[in-house]
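Taking it in order: structure first as structure tokens, then the write-up.
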Amino acid sequence: MIIGLSIAQPAFLSSHNIFNVLTQSAIFGIMALGLTFVIISKGIDLSVGSVLAFSGVIASSLGQSAEATSKYFPNLPIMPVLVPILAALIVGALCGGLSGFLIAKTRIPAFIATLGMMTVARGMALIYTDGKPVSTLIPSFTAIGGKVFGVIPIPVIIYFVMIIISTILLSNTRFGKNVYAIGGNINAAEVSGVNVKRNLIMIYAYSGLLAGLAAVVFAGRVGSVHPGAATGYELTAIASTTIGGTSHSGGIGTIWGAFVGALVLAVLRNGLTLLGVDAYWQQVVEGVIIVVAVIIDMRKNAKKD
Amino acid sequence: MDEEKYLLEMDNIVKTFPGVKALKGVNLKVKHGEIHALMGENGAGKSTLMKCLAGIHPPTSGTIIYDGKKQGQYTTAQALQMGISMIHQELSPILHRSIMENIWLGREPRNKFGLIDHQKMYVDSIEVLKEIDINEDPKTHMVELTVAKMQMIEIAKAISYDSKLIIMDEPTSALTEKEIKQLFGIMRRLKAQGKSIIYISHKLDEIYEVTDRVTVYRDGEYIGAEDTKDLPEDKMIKMMVGREVSELFPKTPCSIGDLMLEVENLSHRKFFKDVSFNVRKGEILGIAGLVGSGRTEVIESIFGIKQKLSGTVKIEGKEVDIKTPEDAISNHLAILTEDRRMSGIFPMLSVRLNMAIANIPKYLNGVGLIRNRELIRECNEYVKKIQVKTPSLMQKVENLSGGNQQKVLVARWLMTNPDILFLDEPTRGIDVGTKSEIHRLISQLAGEGKSIVMVSSELPEVMGMSDRIMVMHEGRVTAIVDNSEDLTQEELMSYATGTVAADV
Chain X
1 MIIGLSIAQP AFLSSHNIFN VLTQSAIFGI MALGLTFVII SKGIDLSVGS
51 VLAFSGVIAS SLGQSAEATS KYFPNLPIMP VLVPILAALI VGALCGGLSG
101 FLIAKTRIPA FIATLGMMTV ARGMALIYTD GKPVSTLIPS FTAIGGKVFG
151 VIPIPVIIYF VMIIISTILL SNTRFGKNVY AIGGNINAAE VSGVNVKRNL
201 IMIYAYSGLL AGLAAVVFAG RVGSVHPGAA TGYELTAIAS TTIGGTSHSG
251 GIGTIWGAFV GALVLAVLRN GLTLLGVDAY WQQVVEGVII VVAVIIDMRK
301 NAKKD
Chain W
1001 MDEEKYLLEM DNIVKTFPGV KALKGVNLKV KHGEIHALMG ENGAGKSTLM
1051 KCLAGIHPPT SGTIIYDGKK QGQYTTAQAL QMGISMIHQE LSPILHRSIM
1101 ENIWLGREPR NKFGLIDHQK MYVDSIEVLK EIDINEDPKT HMVELTVAKM
1151 QMIEIAKAIS YDSKLIIMDE PTSALTEKEI KQLFGIMRRL KAQGKSIIYI
1201 SHKLDEIYEV TDRVTVYRDG EYIGAEDTKD LPEDKMIKMM VGREVSELFP
1251 KTPCSIGDLM LEVENLSHRK FFKDVSFNVR KGEILGIAGL VGSGRTEVIE
1301 SIFGIKQKLS GTVKIEGKEV DIKTPEDAIS NHLAILTEDR RMSGIFPMLS
1351 VRLNMAIANI PKYLNGVGLI RNRELIRECN EYVKKIQVKT PSLMQKVENL
1401 SGGNQQKVLV ARWLMTNPDI LFLDEPTRGI DVGTKSEIHR LISQLAGEGK
1451 SIVMVSSELP EVMGMSDRIM VMHEGRVTAI VDNSEDLTQE ELMSYATGTV
1501 AADV
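Residue numbers (our numbering), protein chains in the order written: chain X, 1 to 305; chain W, 1001 to 1504.
So, in structure tokens, the structure goes:
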């Protein structure tokens, strides 16, 4: 597809455009990394878009500059950018961890637990902000949306670092092996000494943590966070993971796949725009591609076995 | 002989599954208006034969003459139309729908608009239920009924199909004494109406109480058929188990050491009561008993998979509190569960991860990363040691044969270096060659001083491998005996069926 696009529209291959595509995919791509853990464990997390908004508005309110007109904490001194970042990560991880706790302790389906969290987190974001966007962030915060050496976008760096960390976590730690085991056969995992409850909480907390990190990137790029931000992003992230070959029946999937899946979606959007395809039609094409990609992937796997 | 005398004649039925010959040419003749018992140990082929009859698995070869006509291949739906109904051991009603919807499922009466005629369905259901004396409102949801009632509804369903032949596969295993009496009442009533019933049960007293004729199978072969009243109990048991304990079991005598595991008065809320036993180092304790006697539940409770109600477990004289499998593993216990697919393997994961999963902490370095090289080296070592046939460590376990899957699980637990191993049906569904390899391995482990508790439904396996044998019947220990030349399968069987209890 990338080759086809390069021929049809040479601008596609410029380094500027490549970084552009990666930056565009960074936010939902980071969330897709967390969803890979969730989906391999045979779960789902619908809340990541809302958790992004909730952790994003909290982080932004802690990182507003002095001249902001609607300052959330008027007496708050300007804080180092680390504070809002940590706030976003903690809020995200707590939201995710709470979903995981509900799934582990009450055994309600992940779909329901995270559907609840999706609605609650969105509501909390609206309550916190009274429905208004949080803007005028300190320069060190918006710098996260910028570039180093004027070339490499920081969101892309963060994204790549998280890809590496997630890959190591999934393939080289006990936690990662437990994720596969829980998705592969939850009964056998239990018998083999896997603490299923604790691991489920950790899986959803990690997904929430990455949603918090995506919120930081979002705030840095946009310069403000609206409580309605990132609506529907969870579905793009789930689509990325799925296109990347992670199986919803559990036990199968890779971080690399999630990266490729996110890239496919971003390239598609970018390419169709460069080719001048109507924005409404882009959505139709995207939907078809998601389904076709998964059909091809399943066929391929069926042949391999 | 009058041809019309028999409702059903199954002749020389053979059924093969990939790698297994489940039925090796067996016969069955059932008369009109007869209650006919099928007897045999687990794995004798009774259920397979009934599945052939009910159209679930077509037989590989052989003839079925039913209702005077030779039958070709048919499906379960066609079997129902022919008047053959099967009531399975595990009922699967649609729990959240009503009795009447369950009875008429798939053939609901329609009105002239093609919509479902609930009124007719209701009236017809009452009619059918009355035939077996059930006073339930047909609109009651299945989930509100007891297991016994659900079974009655299944029978009602069979009647609604106007079945001439009803197969009941261990229908009483979950029923109370009173419910069993009621079931027998219904069975006699159906018999009086000229319907035939094929009845599978392990409970000898039931066989004598309700059946007219018995056919016995063993290892997929037909052993014989007799009128029930002419077949004394000891002869029936002999027919069921009467094979020689073969050379298959390479039990090597080894010195038995100190007490390793002591279990005292272990009880479970539901499955067993006051179970006490001990195992020494280097000893193999066999646990025999029929399916449902609580054998599996005992070892799963010791391992923390099920929660015990009361009782103590001591390891090397020290009381331990095991609440989860994680606790069990840290106390050097290992378990091979009964159902390999359900709670053993991770089908779509690699051989490597399947082997390593119980033992990952051993391979972590200082910062919590897995030392893959060492893990792979050790996996390879075990693959070689116990001869797992796999093209590579990355192969998905679901692509291996049953025997090799079992070996992967054995490897998983050996890698944890356990002191006590619980083996639940370690050779079920495994071909003869691999079976003896696993037996040799078990002996070898005992020889290394490990304590082994082996649950098995196969008496020859229990008698061939064990130093001592514990027998359970309906959640209680009925005997713990030393294994010896003089011990007979008949004796064990009488403990297992609860006809005799030794002092324990």
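From the three backbone atoms N, C-alpha and C, an ideal C-beta is built for every residue, glycine too.
In this text the structure is predicted, and so the values were computed from the model without any measurement.
Rounded to the nearest angstrom, what separates residue i and residue j at their Cα positions?
i         : j         : result
X/VAL285  : X/ALA68   : 41 Å
W/LEU1364 : W/ARG1373 : 11 Å
X/VAL217  : X/HIS226  : 14 Å
W/LYS1235 : W/VAL1313 : 40 Å
W/PHE1184 : W/THR1140 : 24 Å
X/MET118  : X/SER99   : 10 Å
X/LEU115  : X/ASP45   : 8 Å
X/ILE152  : W/GLN1395 : 40 Å
X/VAL57   : X/TRP281  : 32 Å
X/ALA87   : W/GLY1289 : 60 Å
X/ILE108  : X/SER249  : 17 Å
X/SER171  : X/VAL196  : 18 Å
W/THR1176 : W/SER1201 : 15 Å
X/PHE141  : X/ALA188  : 46 Å
W/MET1150 : W/THR1390 : 45 Å
X/SER207  : W/LEU1145 : 43 Å
W/ILE1056 : W/ASP1133 : 30 Å
W/PRO1460 : W/GLN1489 : 8 Å
W/GLU1485 : W/HIS1332 : 33 Å
W/SER1246 : W/ILE1287 : Only weak support exists for where W/SER1246 lies, its pLDDT of 44 falling under 50; the value from the coordinates is given anyway. Using only the alpha carbons, I get a separation of about 19 Å.
X/THR254  : W/GLN1071 : 53 Å
W/THR1427 : W/GLY1464 : 13 Å
X/ILE168  : W/GLN1444 : 39 Å
W/GLY1368 : X/PHE175  : 9 Å
What distance in whole Å lies between the Cβ atoms of residue j and residue i, which are believed to be in contact at a cut-off of 8 Å?
i         : j         : result
X/TYR159  : X/LEU22   : 7 Å
W/LEU1336 : W/PHE1422 : 7 Å
W/GLY1403 : W/ILE1430 : 4 Å
X/ALA215  : X/SER55   : 4 Å
X/VAL51   : X/GLY92   : 5 Å
W/ALA1446 : W/ILE1284 : 5 Å
W/LEU1231 : W/VAL1214 : 6 Å
X/VAL179  : X/ILE40   : 5 Å
X/LEU33   : X/SER247  : Contact doesn't hold; Cβ gap of about 17 Å is too wide.
W/VAL1471 : W/LEU1492 : 6 Å
W/ALA1054 : W/ALA1077 : The pair is not a contact, with the Cβ atoms about 11 Å apart (cut-off 8 Å).
W/ILE1451 : W/VAL1279 : Inspection of the sequence shows that residue 1451 of chain W is occupied by Ser rather than by Ile. Going by Cβ atoms, the distance from W/SER1451 to W/VAL1279 rounds to 4 Å, so yes, they are a contact pair.
W/ARG1412 : W/ILE1357 : 7 Å
W/ILE1167 : W/MET1240 : About 20 Å separates the two Cβ atoms, so there is no contact after all.
Check this for me: beta carbons of residue i and residue j, under 8 Å apart or not?
i         : j         : result
X/ALA230  : X/LEU265  : no
W/GLY1040 : W/LYS1031 : no
W/LEU1129 : W/ALA1156 : yes
X/THR242  : X/VAL288  : no
W/ARG1341 : W/GLN1406 : no
X/VAL134  : X/SER65   : no
W/PHE1346 : X/GLY184  : yes
Closer than 8 Å by C-beta to residue i: which residues in its own chain qualify, once you throw out the five before and the five after it? Chain order, please.
i         : result
W/ARG1371 : TYR1363, LEU1364, ASN1365
W/ILE1376 : ARG1352, LEU1393
W/GLY1498 : HIS1473, GLU1474, THR1478
So, at 6 Å on beta carbons, what are the nonlocal neighbours of residue i in its own chain, with the 5 sequence-adjacent residues on each side left out?
i         : result
W/ALA1328 : PHE1303, GLY1304, ILE1322
X/ALA125  : ALA53, PHE54, VAL57, PRO227
X/ILE103  : ALA110, ALA113, LEU200
W/LEU1028 : MET1010, THR1215
W/VAL1383 : none
W/ASP1258 : LYS1281
X/GLY63   : PRO84, LEU137, ILE138, PHE141
W/ALA1225 : THR1215
Leaving aside the five residues before and after residue i along the sequence, list all residues of the same chain whose C-beta is less than 7 Å from its C-beta, in chain order.
i        : result
X/THR129 : VAL57, PRO227
Select from the stretch 1318-1346 of chain W all residues with a C-beta closer than 7 Å to any C-beta belonging to chain X, and list them in chain order. PRO1325, GLU1326, ILE1329, ILE1335, THR1337, MET1342, SER1343, GLY1344, ILE1345, PHE1346
In chain order, what residues of the stretch 52-73 of chain X put their CB closer than 9 Å to some CB of chain W? Against chain W - using a Cβ distance shorter than 9 Å - the stretch 52-73 of chain X contributes no residues.
Chain-ordered residues of the stretch 1278-1295 of chain W with a beta carbon less than 9 Å from chain X: Taking a C-beta cut-off of 9 Å against chain X, none of the residues of the stretch 1278-1295 of chain W qualify.
Scan the stretch 230-248 of chain X for residues whose Cβ lies nearer than 7 Å to a Cβ of chain W and list them as they occur along the chain. Per Cβ criterion, the list is empty.
Under 7 Å, CB to CB, which of the residues in the stretch 172-188 of chain X have a partner in chain W? ASN172, THR173, ARG174, LYS177, TYR180, ALA181, GLY184, ASN185, ASN187, ALA188
Selection of the stretch 1445-1469 of chain W by Cβ proximity to chain X, strictly under 9 Å: none
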